[in-house]
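Okay, structure first, notes after.
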Amino acid sequence: MQLPGKFYITTPIYYVNARPHLGHAYTTIVCDAVARWHRMHGVDTYFLTGTDEHGVNVERSAAAAGTPPQRWVDGIAAEYRALWERMGITYDDFIRTTAPRHEAGVQEFFRQLQRNGYVYKDSYSGQYCVFDNLYVDVEAPGAPCPECGRPTETIHEDNYFFKLSAFEDRLLAHYKSHPEAIWPETRRNEVIAFIRGGLRDLSISRATLKWGIPVPGDPSQTIYVWLDALANYITALGYGSHTPEDQAKLNHYWPADAHVMSKEIVRFHCVYWPAFLMAAGLPAPRSVIVHGWLLFEESKMSKSRGNIVRAHTILEVLGSDALRYFLLREVVFGQDGSFSFDALVQRYNSDLANDLGNLASRTLTMMNRYFGGEVAKPESPGPAEEALTSLAGQTISEFEGLFASNQLSRALEAAWSLVRAVNKYLVETEPWTLGGREDSESRNRLGVILYTAAEALRIVCALAHPVIPVATSRIWQQLGAGDVSHARLDRLSWGELKAGAKLGAVEGVFPRADKSAIETMHQMEAEYHGSRLSESKAGREEKMAEEQEPPAGTHARAGQPATQAAAGPSEAAPAPPAAPVLPGQPVARSAAPSASPAAPSAQPSAGTPALPGPATTSSGEKITVDDFFKVDMRVALVKFAERVKGADKLLRLEVDLGTEVRQIVAGIARAYEPEKLIGRKIVIVANLQPRKLRGLESNGMLLAASFGEGQPVLASFLEDVPVGARLK
472 MQLPGKFYIT
482 TPIYYVNARP
492 HLGHAYTTIV
502 CDAVARWHRM
512 HGVDTYFLTG
522 TDEHGVNVER
532 SAAAAGTPPQ
542 RWVDGIAAEY
552 RALWERMGIT
562 YDDFIRTTAP
572 RHEAGVQEFF
582 RQLQRNGYVY
592 KDSYSGQYCV
602 FDNLYVDVEA
612 PGAPCPECGR
622 PTETIHEDNY
632 FFKLSAFEDR
642 LLAHYKSHPE
652 AIWPETRRNE
662 VIAFIRGGLR
672 DLSISRATLK
682 WGIPVPGDPS
692 QTIYVWLDAL
702 ANYITALGYG
712 SHTPEDQAKL
722 NHYWPADAHV
732 MSKEIVRFHC
742 VYWPAFLMAA
752 GLPAPRSVIV
762 HGWLLFEESK
772 MSKSRGNIVR
782 AHTILEVLGS
792 DALRYFLLRE
802 VVFGQDGSFS
812 FDALVQRYNS
822 DLANDLGNLA
832 SRTLTMMNRY
842 FGGEVAKPES
852 PGPAEEALTS
862 LAGQTISEFE
872 GLFASNQLSR
882 ALEAAWSLVR
892 AVNKYLVETE
902 PWTLGGREDS
912 ESRNRLGVIL
922 YTAAEALRIV
932 CALAHPVIPV
942 ATSRIWQQLG
952 AGDVSHARLD
962 RLSWGELKAG
972 AKLGAVEGVF
982 PRADKSAIET
992 MHQMEAEYHG
1002 SRLSESKAGR
1012 EEKMAEEQEP
1022 PAGTHARAGQ
1032 PATQAAAGPS
1042 EAAPAPPAAP
1052 VLPGQPVARS
1062 AAPSASPAAP
1072 SAQPSAGTPA
1082 LPGPATTSSG
1092 EKITVDDFFK
1102 VDMRVALVKF
1112 AERVKGADKL
1122 LRLEVDLGTE
1132 VRQIVAGIAR
1142 AYEPEKLIGR
1152 KIVIVANLQP
1162 RKLRGLESNG
1172 MLLAASFGEG
1182 QPVLASFLED
1192 VPVGARLK
């Protein structure tokens, strides 16, 4: 495994329209663990996080609070810093977009784009969503935003535009030659499909917004929040500064090795950001790593539901290691993950208290009691010890490979397989039965057993330190091994624990939590939000209303970034654009070509898959064979599936028809887990005219059966059928 000589990792900068919550914590914990892991390999590592503090949302929130915008953002940014410190986040820099160094860098970046001929002035008239900081493609003034459902505002402005259309071929060539530039592959495919659909020039300034960075040479215009925010990754390194130190820093660390973020801002980071960089003559980031959303007790975290969870509550009751371990062990990185207080406590008790905590406590206690607080000297290890030595070596290799490939949950699973093996070894060898014996054979055997357990414990602590730094540091010190952060994972091997080393004071690290911990966390959240988190009648009514109408609340996503961006681009190919488009504005998409004419389009509800057009009316009217043949039903293979943000019933599917891959939005989320659909063959109506659901184009409709209010059941086959086969 070859690691780079330097490693620059970033979180998105978090928008200060809300205080930090569990979603922000998740992204930041992932980055911190990865940064720590690289440092423990001797890699020169730079870790950046920060806050995005400009935009109309901040301006209005501050005005509503009767506070100047700068004072408002100062308070929220301080909360982020305080939380990161409490969680043990080891960032090297915290960038704020209101900082003078950032403003100078953004203005120089804008000037560079102008000097290189990629900026021009033009007029724009259209709808703008204040809450998402997006220009959106809706028909009527005041029409709801396709992303959040709130009313849009009409904007008539002269703006500066960026020639994004000039970078379509360069971006496609970049991602073809650098497939590692976007992870996971499903996100890369989405981005490539979006670019292939055609790119239009986009606005990079606002005339009506004053809370932001002025366009250099034209103070009547303010630089658009997304260009401002994305530039933080280079302004933090000194872009725009002329000091030799800053220039050397930028040259050393750029390009970024890993931009880590939630999936809803992929387009901004993988289309707009690399295009800006190319236009400025800078290299694109080496990798954009994308994770999913956090669901709270199977529901999307949402302000309107009042189910946003604060990291503070968990830190207060169980500590930072419990939160860090749960999020990285329980959530498969790259996919959506569920969070609940019950699951948190269960995982804490099982893995941390019972497994690691118990192993450390009994091993160190017996060594302290029977060997005077010194590491026992191993004499003549037997087959059981040799087996554990071999397992430890395998665990190191497996953990390192999995962690390097972003499989964080599986890496921790591998480390804990060693923990459980050692606990089983102690049960089988029963060292406590040897403690009272004075004969040399018993003493030697006891020393071998305790040294073996302690050395395995040391290896587990080194591997797990990037994830649970507090407990592993304490255990490492109790082992008399010094500072675990100085351990080198690339040199980790069996036998480095020195016999005769003095143990530190032995103390427990993970006291077992009882059910009162769950009740306490629920109560703390309820008191903070002013209502119970358990679903009351009012909560159920609100939930039903949200499913029938566009959501009224801003969704709290894992790692919610500078602005709430449009959903990821789909596989459906858009028509070539003709006019400038602004950040987040969807490109109009055309229906896929079909060999047969389109069937008459019915409009079933989002949650009810159905055949287009009436089959039999209430009066018993029949259709002809010709009518039936108009419906083109095909066998499709599900390649990818995920939940649609803000919609409890909807899943977004990518399905392979043999000749093409399509995006379909279907109301089956309550009946099917997205992960369980991947690889399944289903039936779709292939010639249905596309339509949009929650801002996503659905290019086809899957077939399912349901009775009354029952759950839908997908149509499928007993025999194997080829993908793309037509149903007759």
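Taking the numbering used here, the leading residue of the sequence shown gets 472, the next gets one more, and so forth. Backbone N, C-alpha and C fix where the C-beta goes; we use that ideal spot for every residue, glycine too.
- Burial check for residue 517: the Cβ neighbour count within 10 Å reaches 16 or more, so the residue is buried.
- Short of 6 Å from the beta carbon of residue 802, and not among the five residues preceding or following it, lie these beta carbons of its own chain, in chain order: 808.
- Using a 10 angstroms sphere on the CB of residue 593, the tally of other CB atoms stays under 16, which defines it as exposed.
- A direct Cα-Cα distance of roughly 22 Å separates residue 505 from residue 818.
- The region 538 to 617 is shown to contain whole beta strand (DSSP E) runs of 3 or more residues at 564 to 567, 590 to 600 and 605 to 607, in chain order.
- Contact annotation: the region 661 to 672 does not touch the region 546 to 561, with fewer than three C-beta pairs closer than 8 Å.
- Residue 1172 and residue 1159 have their C-alpha atoms some 7 Å from each other.
- The three-state secondary structure of residue 1133, taken from DSSP, is strand.
- Contact check for residue 937 against residue 508 passes: the beta carbons are separated by less than 8 Å.
- The continuous alpha helix (DSSP H) containing residue 1147 extends over residues 1145 to 1148.
- When the Cα atoms are used, residue 844 and residue 883 turn out to be separated by approximately 30 Å.
- Pairing residue 1140 with residue 1114 gives a Cβ-Cβ distance under 8 Å.
- With fewer than 16 other Cβ atoms inside 10 Å of its own Cβ, residue 537 counts as exposed.
- At a Cβ-Cβ threshold of 8 Å, residue 525 and residue 683 count as neighbours.
- Note: residue 1197 is bridge-paired with 1105 in the DSSP secondary-structure output.
- Between the region 914 to 921 and the region 833 to 853, the count of C-beta pairs closer than 8 Å reaches three or more; the two stretches touch.
- Within 10 angstroms of the beta-carbon of residue 840 lie fewer than 16 other beta-carbons, which makes it exposed.
- One Cα belongs to residue 823, the other to residue 793, and the distance between them is close to 8 Å.
- Less than 8 Å separates the beta-carbon of residue 529 from that of residue 487.
- Closest in C-alpha terms to residue 646, from the list 630, 665 and 633, comes 665.
- Annotation for residue 766: the continuous beta strand (DSSP E) segment containing it runs 765 to 767.
- Taken through DSSP and simplified to helix, strand or coil, residue 903 comes out as helix.
- Under the three-state reduction of DSSP output, residue 682 falls in the coil class, being neither helix nor strand.
- Residue pairing by DSSP places residue 630 opposite 593 in a beta bridge.
- The beta carbon of residue 1118 is closer than 6 Å to those of 1165 in its chain, skipping five residues each way along the sequence.
- Contact between the region 680 to 696 and the region 727 to 734 is absent: fewer than 3 CB-CB pairs across the two stretches fall below 8 Å.
- Contact between residue 493 and residue 816 does not hold, since the beta-carbon distance rounds to 15 Å and is not under 8 Å.
- According to the DSSP secondary-structure assignment, residue 848 is paired through a beta bridge with no residue.
- The distance from the Cβ of residue 1103 to that of residue 1156 is about 7 Å, consistent with a contact at the 8 Å cut-off.
- Assigned with DSSP and collapsed to three states, residue 1182 falls in coil, not helix or strand.
- Per DSSP, residue 473 lies in no alpha helix (DSSP H) and is assigned neither H nor E.
- Taken atom to atom, the span from the alpha-carbon of residue 754 to that of residue 519 is near 18 Å.
- In chain order, 643 and 646 place their CB closer than 8 Å to the CB of residue 663, counting only its own chain and leaving out the 5 sequence neighbours on each side.
- Non-local C-beta neighbours of residue 513 in its own chain, meaning closer than 8 Å and more than five positions away in sequence, comprise 959 and 961, ordered along the chain.
- The beta carbons of residue 569 and residue 598 sit no closer together than 8 Å.
- The three-state secondary structure of residue 823, taken from DSSP, is helix.
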